Amino acid sequence: MSATNIHPIFEKMLARETKEARLNQKAKTLWFTGLSGSGKSTIATGLEKKLFEGGFFIQILDGDNIRSGINNNLSFTEEDRIENIRRISEVSKLFVHAGVITLNSFVSPTKSIRAMAKDIIGSEDFIEIFVNTPLEICEQRDVKGLYKKARAGEIKNFTGIDAPFEAPEQPDVEVKTDGKTIEESVQAVYDQIIEKIKL
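What the sequence shown shows, in our numbering, is residues 80 to 278, in sequence order.
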């Protein structure tokens, strides 16, 4: 089908503000970035429960889940990493326009790839959360055994080992997990985002 035959109907749909009013929240994308094993998904799921208990309506979008579904045809080359983030950013944008708060947990290792996500979603709806955990701590945790495989050369282009991670210089939220419990890390994020999602 030619692009000239595509006719978006966004102007005919219910307004985002109407949906936010029904859900009693401001729709935002909370974008968790950090090394594998930093605690992104753990904090996101903890925050999901805390927000849900507070009456918020949330959807988690997690790297592993997305790659087992909508993005299961993508590898970990630079080109496919970009496409992975592009697709999930478009999905996030749809959720935001539906009034839903999304908690996105993706390594998203470069400044340019996160800038692309922010551009697609919209800067006013994008909250960058840097889960700042030292590489040595992530390797010690190695929950999925990925660092061991990367060190053995079984995984190529692994962020932090043979592919770079560019830490955010001015994240909207930064949580240093070293020395903190999961509950403390979740609370630290909650305290910094709650006013941004209240209607």
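Where is the CB? At the ideal position from N, CA and C, for every residue including glycine.
Model, not experiment: these values are computed from the prediction.
* Delimiting residues of the alpha helix (DSSP H) encompassing L214 -> Stepping through the sequence shown from its first residue, residue 214 is reached at position 135. Residues L214 to R220.
Cα-Cα separation, S168 to N152 | What you label residue 168 is simply residue 89 of the sequence shown in a count that begins at 1. What you label residue 152 is simply residue 73 of the sequence shown in a count that begins at 1. Straight-line Cα distance between these residues: approximately 17 Å.
Quiz item: According to DSSP, is K255 helix, strand or coil?
Solution: In the sequence shown, counting from the first residue as 1, residue 255 sits at position 176. Strand.
#### Entry: Continuous alpha helix (DSSP H) stretch holding E262: start and end
Counted from its first residue, the sequence shown places residue 262 at position 183. Note, E262: alpha helix (DSSP H), I261 to I276.
If you measure from the beta carbon of S117 to each beta carbon in chain D, is any gap under 9 Å? As a matter of chain content, chain D is missing from the structure shown, which is built from one protein chain.
> I think K129 touches Y226, with their Cβ atoms under 8 Å apart; what is that distance to the nearest whole Å?
Replying inline: By 1-based counting over the sequence shown, the position of residue 129 is 50. By 1-based counting over the sequence shown, the position of residue 226 is 147. With a Cβ gap of about 29 Å, K129 and Y226 do not count as contacting.
- Query: What alpha helix (DSSP H) runs, 4 residues minimum, are completely inside the segment 124-152?
  - Reply: 142-146
### Task
Tell me, please, which residues DSSP counts as bridged to F209.
Here residue 209 is taken as the residue at index 130 of the sequence shown, counted from 1. Paired residue(s): T112 and E253.
| request: List the DSSP bridge partners of S184. | output: Numbered from 1 along the sequence shown, position 105 holds the residue referred to as residue 184. Answer is F111 and D141.
So the alpha helix (DSSP H) F174 belongs to, where does it begin and stop? Position 95 of the sequence shown holds residue 174. F174 -> alpha helix (DSSP H) spans E157 to H176.
Next on the checklist: Is the separation between the beta-carbon of K172 and that of I206 shorter than 9 Å?
Outcome noted: Position 93 of the sequence shown, counting from 1, holds the residue named residue 172. Position 127 of the sequence shown, counting from 1, holds the residue named residue 206. Not in contact: K172 and I206 (Cβ atoms no closer than 9 Å).
T121 - DSSP class collapsed to helix/strand/coil:
If you number the sequence shown from 1, residue 121 lands on position 42. Reduced to three states, the DSSP call for T121 is helix.
Self-check item: Short Cβ contact (9 Å threshold) for V222 with A106
Solution: Here the question's residue 222 lines up with position 143 in the sequence shown. Here the question's residue 106 lines up with position 27 in the sequence shown. It is not a contact, given that the beta carbons lie outside the stated cut-off.
| task | For the alpha helix (DSSP H) holding A194, just list the boundary residues, first then last. | result | Position 115 of the sequence shown, counting from 1, holds the residue named residue 194. Unbroken alpha helix (DSSP H) run through A194: K190 to I200.
Would you decide whether L109 is buried or exposed? Buried here means 16 or more other CB atoms lie within 10 Å of its CB.
Taking the first residue of the sequence shown as position 1, residue 109 is located at position 30. L109 should be labelled buried.
| Option in G125, E127 and S115 with minimal Cα separation from G142 | Residue numbering aside, residue 142 sits at position 63 when the sequence shown is read from its first letter. Among G125, E127 and S115, the Cα nearest to that of G142 is on S115.
* What does a CB cutoff of less than 8 Å around G125 pick up in its chain, not counting 5 residues either side in sequence? -> Your numbering for residue 125 matches position 46 in the sequence shown. When the five nearest sequence neighbours on each side are left out, the beta carbons in the same chain lying within less than 8 Å of the beta carbon of G125 are those of I261, E262, S264 and V265, in order along the chain.
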